[in-house]
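Numbering (this note's numbering), first residue to last: 53 to 238.
Worksheet for the structure shown next.
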Amino acid sequence: MTTTPATEELLTHGAREAAQALVRLLRLPVVVGDVVAQAPAALAAQCGPGAVVAITFDTSGGVVGTLALVIDDGIAARLAARLMGQDAHGGALGPTQLAALAELGNIAASAFLNGAARVVRRACLPSVPRVGHAPAATLLAALLPDAPFAAALLRVDDQPVRLLFCAGGTEGERAAVRTIGVNDQG
53 MTTTPATEEL LTHGAREAAQ ALVRLLRLPV VVGDVVAQAP AALAAQCGPG
103 AVVAITFDTS GGVVGTLALV IDDGIAARLA ARLMGQDAHG GALGPTQLAA
153 LAELGNIAAS AFLNGAARVV RRACLPSVPR VGHAPAATLL AALLPDAPFA
203 AALLRVDDQP VRLLFCAGGT EGERAAVRTI GVNDQG
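Below you can see the structure in the form of structure tokens.
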């Protein structure tokens, strides 16, 4: 499975913007990895049997689809604690911690879509976030479309945070996303 050049360009620009926003928010180093195509089952296998937090958004405007941040449970707890000014070792993820992670997702998604908007030259908008916390296979099956998606691995303070995008909408909208790599000057 491979990504199209257009999808790779979109995800690369969006991931870079999201990484910069997370650096400013968390005051931690963030490195963007390569963009790869991935099937939902492969992602669930990578995450293993443990719990993950997934923050998902429907996107509209210039880019139609589903955008998600998927964070392993322990890493999510540490990030939430950092956002809340608590002991950075993490702990249990309750409603307050999940709300903090939803805000982290909002900031990353908005930055991602700013980068995507520059690629497609159209406004891109996120929905209200959906936050889930459950075993990876269960949660990913419930929140993400059953279709291949493009993934970029962000390393936040050397810990993995997965940024995923799956084109969605009508066939015409999906075709538009596939052709965004053409940056004409018109």
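Where is the CB? At the ideal position from N, CA and C, for every residue including glycine.
If you draw a straight line from the C-alpha of Gly85 to the C-alpha of Val213, how long is it? Here residue 85 is taken as the residue at index 33 of the sequence shown, counted from 1. Here residue 213 is taken as the residue at index 161 of the sequence shown, counted from 1. Their Cα atoms are separated by approximately 10 Å.
If you scan the segment 161 to 209 from start to end, which runs of the beta strand (DSSP E) of 3 or more residues do you find wholly inside it? 176 to 178, 182 to 187, 201 to 208
Starting from the Cα of Ile107, find the closest Cα among Leu191, Gln211, Arg79 and give me that residue. Locating residue 107 in the sequence shown gives position 55, where the first residue counts as 1. Per the Cα distances, Leu191.
Taking only the alpha-carbon atoms, compute the straight-line gap between Ala144 and Thr64 and give it to the nearest angstrom. Walking along the sequence shown from the start, residue 144 turns up at place 92. Walking along the sequence shown from the start, residue 64 turns up at place 12. Their backbone Cα atoms lie some 33 Å apart in a straight line.
Are Val105 and Ala128 touching if we call contact CB-CB under 8 Å? Here residue 105 refers to the residue found at position 53 of the sequence shown. Here residue 128 refers to the residue found at position 76 of the sequence shown. For Val105 and Ala128, yes; Cβs fall inside 8 Å.
Have a look at Ile159 and Ala73 and give me their C-alpha separation to the nearest angstrom. Here residue 159 corresponds to residue number 107 of the sequence shown, with the count starting at 1. Here residue 73 corresponds to residue number 21 of the sequence shown, with the count starting at 1. Approximately 7 Å between the Cα atoms of the pair.
Quick check on the burial criterion: 16 or more other C-beta atoms within 10 angstroms. Buried or exposed for Thr148? The count along the sequence shown starts at 1 and reaches residue 148 at position 96. Per the 10 Å Cβ criterion, exposed.
Span of the alpha helix (DSSP H) holding Gly82? Taking the first residue of the sequence shown as position 1, residue 82 is located at position 30. Note on identity: in this sequence residue 82 is Val, with Gly being the wrong assignment. Unbroken run through Val82 is the beta strand (DSSP E), 82 to 90; no alpha helix (DSSP H).
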